[in-house]
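What follows is a set of notes on a single structure, which appears directly below.
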Amino acid sequence: MKIWRVDLSNHKVAQEEVPEKYQPLGGRALTSQVIYDEVDPTIHPLSDENKLVFAPGLLSGTRAPSSGRISVGSVSPLTKGIKESNSGGTASQDLAKLGVKALIVEGSSEIDNLVLVIDKDGLRLEKDESLKGLGNYDVGDKLRNKYGDSVTVVSIGPAGEYKMTAASIAVTDTDDRPVRAFGRGGLGAVMGAKGLKAIVINDEGSSGVNLQNEDAFKEASRKFSKIILGHPVSGEALRTYGTAVLINILNEAGGLPTKNFRTGRFDTADKTSGETMTETIKERGGKPSHACHPGCIMGCSNVYHDENGEYLTAGLEYETIWAFGAQCEIDDLDYIAYFDRYCDDIGLDTIETGVSFSVYMETDFMEFGDKEEVKRIFDEEIRSGTPLGQIIGSGADNIGRVFGIDRVPTVKGQSIPAYDPRAVKGVGVTYATSTQGADHTAGYSVTANILKVGGEIDPLKKEGQVDLSRDLQVATAAIDTTGLCLFVAFAVLDNEDALPSIVDMINAQYGTELNVDDVSKLGKQILKIEREFNEKAGFTKAHDRLPKFFKSEKLPPHNVNFDLEDDKLDETYKF
Amino acid sequence: MAKVEIRCFATLRDLLPFEAKNGVYKYETRKTTIEGIVEELSLPKDKLHLILKNGVRVELNEPIKDGDRIGLFPPIGGG
Ligand code: SF4
Numbered sequence: 229m230k231i232w233r234v235d236l237s238n239h240k241v242a243q244e245e246v247p248e249k250y251q252p253l254g255g256r257a258l259t260s261q262v263i264y265d266e267v268d269p270t271i272h273p274l275s276d277e278n279k280l281v282f283a284p285g286l287l288s289g290t291r292a293p294s295s296g297r298i299s300v301g302s303v304s305p306l307t308k309g310i311k312e313s314n315s316g317g318t319a320s321q322d323l324a325k326l327g328v329k330a331l332i333v334e335g336s337s338e339i340d341n342l343v344l345v346i347d348k349d350g351l352r353l354e355k356d357e358s359l360k361g362l363g364n365y366d367v368g369d370k371l372r373n374k375y376g377d378s379v380t381v382v383s384i385g386p387a388g389e390y391k392m393t394a395a396s397i398a399v400t401d402t403d404d405r406p407v408r409a410f411g412r413g414g415l416g417a418v419m420g421a422k423g424l425k426a427i428v429i430n431d432e433g434s435s436g437v438n439l440q441n442e443d444a445f446k447e448a449s450r451k452f453s454k455i456i457l458g459h460p461v462s463g464e465a466l467r468t469y470g471t472a473v474l475i476n477i478l479n480e481a482g483g484l485p486t487k488n489f490r491t492g493r494f495d496t497a498d499k500t501s502g503e504t505m506t507e508t509i510k511e512r513g514g515k516p517s518h519a520c521h522p523g524c525i526m527g528c529s530n531v532y533h534d535e536n537g538e539y540l541t542a543g544l545e546y547e548t549i550w551a552f553g554a555q556c557e558i559d560d561l562d563y564i565a566y567f568d569r570y571c572d573d574i575g576l577d578t579i580e581t582g583v584s585f586s587v588y589m590e591t592d593f594m595e596f597g598d599k600e601e602v603k604r605i606f607d608e609e610i611r612s613g614t615p616l617g618q619i620i621g622s623g624a625d626n627i628g629r630v631f632g633i634d635r636v637p638t639v640k641g642q643s644i645p646a647y648d649p650r651a652v653k654g655v656g657v658t659y660a661t662s663t664q665g666a667d668h669t670a671g672y673s674v675t676a677n678i679l680k681v682g683g684e685i686d687p688l689k690k691e692g693q694v695d696l697s698r699d700l701q702v703a704t705a706a707i708d709t710t711g712l713c714l715f716v717a718f719a720v721l722d723n724e725d726a727l728p729s730i731v732d733m734i735n736a737q738y739g740t741e742l743n744v745d746d747v748s749k750l751g752k753q754i755l756k757i758e759r760e761f762n763e764k765a766g767f768t769k770a771h772d773r774l775p776k777f778f779k780s781e782k783l784p785p786h787n788v789n790f791d792l793e794d795d796k797l798d799e800t801y802k803f
Numbered sequence: 005m006a007k008v009e010i011r012c013f014a015t016l017r018d019l020l021p022f023e024a025k026n027g028v029y030k031y032e033t034r035k036t037t038i039e040g041i042v043e044e045l046s047l048p049k050d051k052l053h054l055i056l057k058n059g060v061r062v063e064l065n066e067p068i069k070d071g072d073r074i075g076l077f078p079p080i081g082g083g
């Protein structure tokens with residue numbers, strides 16, 4: 229494998245040998261290490277000194293189940309700290325098969341609308357003015373016309389071109405739709421600032437991934453598949469109702485943030501639930517289950533049709549439904565699906581954008597629940613980049629600042645997602661302390677707090693939450709290195725044979741002799757360098773805190789506040 | 005007699021009595037525990053992974069009283 233590098237400042241491309249210290253790394257371990265090694269933490273994220281590092285996971289491109297996740301690393305314009313954003317879709321497998329250990333995009337071009345083409349012959353830069361201002365759906369159509377039907381397209385929409393700080397980078401899925409995304413952290417703006425509109429990946433004629441010990445790999449991978457399929461969540465529930473099944477459980481548990489984190493229950497939550505969504509999808513001939521890349525055996529994704537039975541969007545997720553739903557007091561699934569489609573097309577993170585709207589609803593300009601106005605703002609303001617559109621697309625923190633609103637649910641500049649930290653305290657610890665800003669995936673304590681997976685810890689009490697979050701943050705960093713979808717964690721947490729079989733797969737592929745302890749060492753090492761990077765960027769303990777209102781305001785129905793002491797939070801990163 | 009609200013989710017939804025709407029069934033019972041209710045409504049105990057009483061996770065033998073809201077879930081996940 230090689231490291232492929234493109235310098236946009238002078239339009240140079242190169243393929244480099246992988247330095248020895250990068251050999252055992254992949255995914256997040258590699259992206260964070262390269263950012264740590266090559267980028268000055270004090271730069272402006274939109275300057276030409278920032279980089280985008282794409283790295284497939286260690287197991288990507290093999291037949292290991294659900295192993296097609298890819299990481300991108302950078303300095304985030306939203307948090308101003310180190311960022312790893314993770315996506316499904318077909319990019320990871322394609323890059324791995326082409327022998328790309330990492331793709332480093334650096335510098336910035338004076339001309340915009342560049343397309344980076346990657347295939348078996350290497351990489352080249354082309355210019356395509358006709359892509360200017362296009363949404364991700366049209367970009368994909370045009371590029372597939374030009375480069376072939378089976379290419380993967382990684383692209384930014386207008387939001388990235390406008391350098392909105394909630395801009396995402398889209399990745400096409402198995403049906404060539406731009407519905408998977410490097411969502412969080414505004415990395416679409418970094419790509420836009422570099423003048424790069426799209427990356428086209430064509431794995432035709434690639435040599436594929438080399439396995440040192442094929443038989444051992446097959447055996448380990450078969451064992452791992454069995455474990456995943458044998459777990460009631462990863463083997464069944466995710467496929468049946470998608471992630472949106474969480475709406476009702478969080479609502480029941482009183483932890484579904486509603487009306488910008490005012491209560492933990494949304495009266496009409498069921499209208500937006502996984503159960504309702506699945507029924508609607510079936511009635512209209514969509515797909516209740518869908519895999520975002522070939523070889524995913526959990527299939528949590530879906531395809532959602534509109535009232536006329538026409539395709540509207542895909543990959544409608546719990547967090548998206550929550551962000552535009554309960555958080556904004558909107559209980560209309562068709563509108564939410566439209567906003568999801570719009571975010572995918574224009575290239576915006578659904579979580580950040582939904583929370584942005586909810587903060588805007590705190591002003592005199594808009595009421596909670598006004599779905600027509602949300603739609604109007606998407607259609608008329610964000611699409612064309614008007615000043616209001618630019619503000620809404622730049623995240624909740626910015627909106628609070630511009631309009632003088634102090635009820636802003638963010639940590640390190642990034643919006644808190646769909647689990648109230650007062651009623652799911654373990655995830656509150658993750659929001660506060662993660663190197664990534666508020667990010668549920670960084671240490672998904674919802675497992676033991678709410679779902680009774682990987683143990684049971686009372687979500688309303690503070691005991692045990694720091695340890696829970698720390699363990700999960702370490703494990704997650706390691707899983708984000710393998711290319712496995714994080715949802716394998718449901719099985720990994722409950723079945724002690726799962727982790728050894730992941731290690732066996734890696735050993736069989738690379739001829740290494742890693743053991744289970746090395747996995748947690750790797751996780752810790754990743755968190756350490758990310759944290760060190762952030763410290764150099766100016767982050768202190770004071771940044772590892774939730775907004776004050778979570779402490780001072782009690783959340784109905786349980787009437788709980790976030791009561792973990794600051795010094796307890798500071799213990800999260802003691803390891 | 006206690007008036008209770010039984011809320012079944014995901015695959016358990018279809019197992020509630022016919023009069024239930026969107027997985028919510030309100031009725032009066034002489035039973036005094038969640039287990040009693042589950043038996044009375046013939047719900048499959050082995051499928052009940054999460055049991056919540058008024059938003060708090062409890063065990064099957066949890067006592068009930070008038071006005072309780074009981075949520076029943078099979079194993080689910082997402083994120
Ligand atoms: S479980 Fe869902 S997100 Fe994960 S790889 Fe499969 S389809 Fe993609």
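Protein chains in written order, with our numbering: chain Z, 229 to 803; chain Y, 5 to 83. All C-beta atoms in this analysis are idealised placements derived from N, C-alpha and C, irrespective of residue type, glycine included.
Open item on the list: Taking DSSP's pairing of strands, which residues face Glu32 of chain Y in a bridge?
Closed with: Numbered from its first residue, the second sequence carries residue 32 of chain Y at position 28. DSSP, once it has assigned bridges, lists Y:Lys7 as partnering Glu32 of chain Y.
- [ ] For Thr471 of chain Z, return the contacting residues in chain Y, with the cut-off set at a CB-CB distance below 9 Å.
- [x] Here residue 471 of chain Z refers to the residue found at position 243 when the first sequence is read from its first residue. Gly81, Gly82 and Gly83, listed in chain order.
Task: Any 3 or more C-beta pairs closer than 8 Å across the stretch 449 to 469 of chain Z and the stretch 404 to 412 of chain Z - done: no
Open item on the list: Quick check on Pro775 of chain Z: does DSSP put it in helix, strand or coil?
Closed with: Taking the first residue of the first sequence as 1, we reach residue 775 of chain Z at position 547. The answer is coil: DSSP assigns Pro775 of chain Z none of H, G, I, E or B.
TODO: Kindly confirm or deny that the stretch 351 to 359 of chain Z and the stretch 435 to 455 of chain Z touch, where touching means at least three C-beta pairs closer than 8 Å.
DONE: no
Open item on the list: Whether or not the stretch 707 to 726 of chain Z and the stretch 443 to 459 of chain Z are in contact is what I'm after, with contact meaning three or more pairs of Cβ atoms, one per stretch, closer than 8 Å; do they touch?
Closed with: yes
TODO: For Asn438 of chain Z, name the three-state secondary structure that DSSP assigns.
DONE: The sequence position of residue 438 of chain Z within the first sequence is 210, counting from 1. The answer is coil: DSSP assigns Asn438 of chain Z none of H, G, I, E or B.
Task: Cα-Cα separation between Tyr375 of chain Z and Val300 of chain Z, rounded to whole angstroms - done: For the purposes of this step, residue 375 of chain Z is identified with residue 147 of the first sequence, where counting begins at 1. For the purposes of this step, residue 300 of chain Z is identified with residue 72 of the first sequence, where counting begins at 1. Those two C-alpha atoms are separated by around 24 Å.
- [ ] Sort Z:Leu326, Z:Gly296 and Z:Ala646 by Cα distance to Thr318 of chain Z and report the nearest one.
- [x] The residue given as residue 318 of chain Z occupies position 90 in the first sequence. Nearest of Z:Leu326, Z:Gly296 and Z:Ala646 to Thr318 of chain Z, Cα basis: Z:Gly296.
Task: Exercise answer, beta-carbon shell around ligand 1 heavy atoms below 7 Å - done: Z:Ser294, Z:Gly296, Z:Arg297, Z:Gly316, Z:Leu466, Z:His518, Z:Ala519, Z:Cys520, Z:His521, Z:Cys524, Z:Met526, Z:Gly527, Z:Cys528, Z:Ser529, Z:Cys713 and Z:Phe715
- [ ] Report yes or no: do three or more beta-carbon pairs, one from the stretch 778 to 788 of chain Z and one from the stretch 42 to 56 of chain Y, lie closer than 8 Å?
- [x] no
Task: Any beta strand (DSSP E) of 3 or more consecutive residues that is wholly inside the stretch 536 to 599 of chain Z - done: 539 to 542
Task: Glu39 of chain Y: first and last residue of the uninterrupted alpha helix (DSSP H) it sits in - done: Residue 39 of chain Y sits at position 35 when you count from the first residue of the second sequence. Looking at the DSSP string, the run of the alpha helix (DSSP H) that includes Glu39 of chain Y is Ile38 to Glu44.
Open item on the list: Beta carbons nearer than 7 Å to chain Y: which residues of the stretch 641 to 667 of chain Z have them?
Closed with: none
Task: Pair within 8 Å by beta-carbon distance, Asp498 of chain Z and Asn58 of chain Y - done: Against the first sequence, residue 498 of chain Z aligns to sequence position 270. Against the second sequence, residue 58 of chain Y aligns to sequence position 54. Their beta carbons are not under 8 Å apart, which means Asp498 of chain Z does not touch Asn58 of chain Y by this criterion.
TODO: Please name the residue in Y:Glu43, Y:Lys30 and Y:Ile80 whose C-alpha comes closest to that of Asp72 of chain Y.
DONE: Within the second sequence, numbered from 1, the residue matching residue 72 of chain Y stands at position 68. That would be Y:Lys30, whose Cα lies nearest to the Cα of Asp72 of chain Y.
Task: Alpha-carbon to alpha-carbon, Thr591 of chain Z and Ser816 of chain Z - done: Residue 816 of chain Z lies beyond the range of chain Z shown here (229 to 803); nothing can be said about it.
Open item on the list: In the DSSP output, which residue or residues are listed as bridge partners for Tyr532 of chain Z?
Closed with: By one-based count along the first sequence, residue 532 of chain Z stands at place 304. In the DSSP output, where bridge partners are listed per residue, Tyr532 of chain Z has Z:Thr541.
Task: Interface flag, Leu19 of chain Y vs chain Z, CB-CB below 8 Å - done: As a working note, residue 19 of chain Y is residue 15 in the second sequence. No, because no Cβ of chain Z sits closer than 8 Å to the Cβ of Leu19 of chain Y.
- [ ] Report, in whole angstroms, the separation of the C-beta atoms of Cys528 of chain Z and Phe715 of chain Z, which I expect to be a contact under 8 Å.
- [x] Taking the first sequence and counting its residues from 1, the one referred to as residue 528 of chain Z is at position 300. Taking the first sequence and counting its residues from 1, the one referred to as residue 715 of chain Z is at position 487. That belief holds up - the Cβ atoms of Cys528 of chain Z and Phe715 of chain Z are roughly 6 Å apart, short of 8 Å.
TODO: Have a look at Arg512 of chain Z and Ser612 of chain Z and give me their C-alpha separation to the nearest angstrom.
DONE: As a working note, residue 512 of chain Z is residue 284 in the first sequence. As a working note, residue 612 of chain Z is residue 384 in the first sequence. Taking the straight line joining both Cα atoms gives about 32 Å.
TODO: Give a yes or no on whether the minimum CB-CB distance between Arg11 of chain Y and chain Z is below 8 Å.
DONE: Translated into positions along the second sequence, residue 11 of chain Y becomes position 7. Cβ-Cβ to chain Z under 8 Å: yes for Arg11 of chain Y.
Task: Under 8 Å by beta carbon: chain Y residues contacting His786 of chain Z - done: Here residue 786 of chain Z corresponds to residue number 558 of the first sequence, with the count starting at 1. Near His786 of chain Z (Cβ distances below 8 Å), the residues of chain Y are Gly59 and Val60.
Open item on the list: Counting C-beta neighbours from all protein chains within 10 Å, is the total for Gln440 of chain Z 16 or more, i.e. buried, or is it exposed?
Closed with: Counting from one through the first sequence, the residue named residue 440 of chain Z turns up at place 212. Answer is exposed; the Cβ neighbour count stays below 16.
Open item on the list: Would Ala417 of chain Z and Ala395 of chain Z be called neighbours here (beta carbons separated by less than 8 Å)?
Closed with: Within the first sequence, numbered from 1, the residue matching residue 417 of chain Z stands at position 189. Within the first sequence, numbered from 1, the residue matching residue 395 of chain Z stands at position 167. Cβ atoms of Ala417 of chain Z and Ala395 of chain Z: closer than 8 Å.
Open item on the list: Rounded to the nearest angstrom, what separates Ala706 of chain Z and Leu16 of chain Y at their Cα positions?
Closed with: Residue numbering aside, residue 706 of chain Z sits at position 478 when the first sequence is read from its first letter. Residue numbering aside, residue 16 of chain Y sits at position 12 when the second sequence is read from its first letter. Between Ala706 of chain Z and Leu16 of chain Y, the C-alpha separation is close to 35 Å.
Task: Rounded Cβ spacing between Val343 of chain Z and Lys425 of chain Z (contact assumed at less than 8 Å) - done: Taking the first sequence and counting its residues from 1, the one referred to as residue 343 of chain Z is at position 115. Taking the first sequence and counting its residues from 1, the one referred to as residue 425 of chain Z is at position 197. Val343 of chain Z to Lys425 of chain Z, Cβ: 6 Å. Contact.
Task: CB contact check: Phe22 of chain Y to chain Z, cutoff 8 Å - done: Here residue 22 of chain Y corresponds to residue number 18 of the second sequence, with the count starting at 1. No, its Cβ sits nowhere closer than 8 Å to a Cβ of chain Z.
Open item on the list: To be precise: take each residue of the stretch 24 to 35 of chain Y, compare its Cβ to all Cβ atoms of chain Z, and keep it if any distance is under 9 Å. Which residues remain?
Closed with: Asn26, Gly27 and Val28
Task: Span separating the alpha-carbon of Asn488 of chain Z from that of Glu535 of chain Z - done: Residue 488 of chain Z sits at position 260 when you count from the first residue of the first sequence. Residue 535 of chain Z sits at position 307 when you count from the first residue of the first sequence. Roughly 29 Å between the two C-alpha positions.
Open item on the list: Residues of chain Z with CB closer than 9 Å to the CB of Ala6 of chain Y, please, in chain order.
Closed with: As a working note, residue 6 of chain Y is residue 2 in the second sequence. Ordered by position in chain Z, no residue passes the 9 Å Cβ test against Ala6 of chain Y, which lies about 19 Å from the chain.
TODO: From the DSSP output, read off the bridge partner residues of Pro284 of chain Z.
DONE: For this step, residue 284 of chain Z is matched to residue 56 along the first sequence. Answer is Z:Ile298, bridged to Pro284 of chain Z.
- [ ] For my contact list, Tyr563 of chain Z and Lys599 of chain Z are in at a C-beta cut-off of 8 Å; report their separation, rounded to the angstrom.
- [x] Within the first sequence, residue 563 of chain Z is the residue found at index 335, counting from 1. Within the first sequence, residue 599 of chain Z is the residue found at index 371, counting from 1. With 8 Å as the limit, Tyr563 of chain Z and Lys599 of chain Z qualify as a contact, their Cβ atoms being about 4 Å apart.
Task: Exposure label - Glu244 of chain Z; buried when at least 16 CB within 10 Å - done: Start at 1 with the first residue of the first sequence, and residue 244 of chain Z comes out as number 16. It counts as exposed.
Task: Distance between beta carbons of Ile80 of chain Y and Ile477 of chain Z, contact taken as under 8 Å - done: For the purposes of this step, residue 477 of chain Z is taken as the residue at position 249 of the first sequence. For the purposes of this step, residue 80 of chain Y is taken as the residue at position 76 of the second sequence. That pair is a contact at about 6 Å.
Open item on the list: Please state the DSSP three-state secondary structure of Thr669 of chain Z.
Closed with: The count along the first sequence starts at 1 and reaches residue 669 of chain Z at position 441. Three-state DSSP puts Thr669 of chain Z in a helix.
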